[in-house]
Amino acid sequence: MVFLSLHKVRAVVIKTMEYKENDKLVWLYTSEFGKITAIAKGSRKSKSKFLSITLPLCYGEYILFKGKNLYNLQEGKIISSFQGLLDNLDKLTYSSYICELIDICIEEGEVNQELFRSFITCMYLLNTDALDYELLIRAFELKILSATGYGLNLDYCASCRKKITVSNYISLSSYGGLCESCEKVHGIYISKPAYNSIKFLMKTPMDKIYKLNVNEEVKRDIRKVITHIISSNYSKKPKSLEMLNYI
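So for the sequence shown, my numbering puts the first residue at 38; every next one is plus one.
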């Protein structure tokens, strides 16, 4: 007798792809196993029980068993469909972008429960009208950079290691601020308010981001730094990154 090893996970559908005639490959970002790939057999049929739970952005509870190469979806139920994100083009663009970031930046099977919690919190906050969505996305980008080894060190000079409270220059080769004495090369000048805002976004929980209020110039400086790091350090540039410029 063969016993299947079943796993119950909470996950968000970050990407899907048609597979064979009626099936679908589903990329799930889970708390328990990180990013995984599952096959949902028959999910493209109009009466499939998997139809709604394999839609992009769906947050659900899934029962899977591990096959030779893929997880196989057995059951599932929706925790949140995030319908509010699907009904608003700006919110849909932002949420699609953070899903693409997870897909590009996180290796298969790489578990980071803190990042998963930040991801879910970001999705729920995007589904409200409570705060500045651009700053929310910047905060999540900074958290994913830290989780994947590209986090910024803004408390000490990236060159001489002297403690600094603020700077107007970030080294893109050393991923940190530079003090007034060190040579400014391979980096970007930004305003001091932008520097302090990045520090705040890095250290603040996602649900407290609303406390930060900055002008458009500061936002541009923050975006300039983070976009450069993301575009330069991963296997491919997120396609939806360009769409954010039109929001």
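All C-beta atoms in this analysis are idealised placements derived from N, C-alpha and C, irrespective of residue type, glycine included. These numbers come from a predicted model, not from an experiment.
*Any idea what DSSP makes of residue 55, helix, strand or coil?*
Three-state result, residue 55: strand.
_When you compare the CB positions of residue 216 and residue 201, do they come within less than 7 Å of one another, or not?_
It is a contact, given that the beta carbons lie within the stated cut-off.
_Interface flag, residue 142 vs chain D, CB-CB below 7 Å_ = Absent from the structure: chain D. Only one protein chain is present.
*Please say whether residue 190 and residue 224 have beta carbons closer to each other than 7 Å?*
It is not a contact, given that the beta carbons lie outside the stated cut-off.
*Does DSSP put residue 155 in a helix, in a strand, or in coil?*
Reduced to three states, the DSSP call for residue 155 is helix.
*Rounded distance between the beta-carbons of residue 230 and residue 255, thought under 8 Å*: Sure, about 5 Å apart at Cβ, within 8 Å.
*Anyone know if the C-beta pair for residue 107 and residue 76 falls short of 7 Å?*
Yes, they are a contact pair.
*Comparing alpha-carbon positions, which option in 162, 135, 203 and 74 lies nearest residue 179?*
Ranking the options by Cα distance to residue 179, first place goes to 135.
*Return the bridge partner residues of residue 258 from the DSSP annotation.*
Paired residues: none, contrary to the question.
_Other residues of its chain near residue 46: CB distance less than 6 Å, five sequence neighbours each side excluded_ = Same-chain partners within the cutoff: 67, 69 and 99.
*Under 7 Å between C-beta atoms of residue 89 and residue 61*: Not closer than 7 Å, so no.
*Terminal residues of the continuous beta strand (DSSP E) containing residue 110?*
Going by DSSP, residue 110 is part of the beta strand (DSSP E) stretching over 108 to 117.
*With DSSP as the reference, label residue 73 as helix, strand or coil.*
Here residue 73 sits in strand by DSSP.
_The beta strand (DSSP E) enclosing residue 62, as first and last residue numbers_ = Start and end: 60 to 67.
*Note down, in chain order, each residue of its chain lying with its Cβ closer than 8 Å to the Cβ of residue 167, except the 5 sequence neighbours on either side.*
247.
*Cβ separation of residue 91 and residue 50, assumed to be a contact under 8 Å, to the nearest whole Å*: At roughly 6 Å, the Cβ-Cβ gap stays under 8 Å, so residue 91 and residue 50 are in contact.
*Would you mind giving the Cβ-Cβ distance between residue 115 and residue 104, rounded to the nearest angstrom? I have them listed as a contact below 8 Å.*
Contact between residue 115 and residue 104 fails: their C-beta atoms lie close to 24 Å from each other, not under 8 Å.
*With a 10 Å radius around its C-beta and 16 neighbouring C-beta atoms as the bar for buried, classify residue 175 as buried or exposed.*
Classification of residue 175: buried, given that the 10 Å Cβ count is 16 or more.
*Exposed or buried, what is residue 160 when buried is set at 16 or more other beta-carbons lying within 10 Å of its beta-carbon?*
Residue burial annotation: residue 160 is buried, with at least 16 other C-beta atoms found within 10 angstroms of its C-beta.
*Please go through the same chain and pick out, in chain order, the residues whose beta-carbon is closer than 6 Å to the beta-carbon of residue 153, but skip the five residues on each side of it.*
Excluding sequence neighbours, residue 153 sits near 68.
*Just the Cα atoms here: how many angstroms apart are residue 280 and residue 126?*
Cα to Cα, residue 280 sits roughly 11 Å from residue 126.
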